[in-house]
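This report refers to the structure that appears directly beneath it.
In UniProt numbering, the protein residues as written are 1 to 76.
Written as structure tokens, this is what we have:
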């Protein structure tokens, strides 16, 4: 499961042929770019939670490993 229950936002289909992928309202021409953004958003939220003390027993390094796994799973 996601560290601290913080999931990556969904990559959605925009229906726009030029920029068919969307993450949190930002559009992308490629799925890989959209996945990269979604995983980066998750990583930033994870790091913020670790640094603020909201998530105990994890490090920012754990968040970075999660980001790499997220990108690999999403094909980015």
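All C-beta atoms, glycine included, are put in the ideal place defined by N, C-alpha and C.
| Asked | Found |
| --- | --- |
| For residue 50, which residues from the same chain have a beta carbon less than 7 Å from its beta carbon, with the 5 sequence-adjacent residues on both sides left out? | 58, 59, 60 and 63 |
| In terms of DSSP beta bridges, what is residue 67 paired with? | None; residue 67 has no bridge partner. |
| One question on the structure: do residue 33 and residue 68 come within less than 9 Å of each other, judged by their Cβ atoms? | no |
| Tell me the rounded alpha-carbon separation between residue 39 and residue 9. | 8 Å |
| With DSSP run on the structure shown, which of helix, strand or coil describes residue 55? | coil |
| Taking the alpha carbon of residue 15 as the reference point, which residue from 43, 37, 29 and 73 has its own alpha carbon closest? | 29 |
| Once the 5 residues before and after residue 13 are set aside, which same chain residues still bring their CB inside 8 Å of it? | 20, 21 and 22 |
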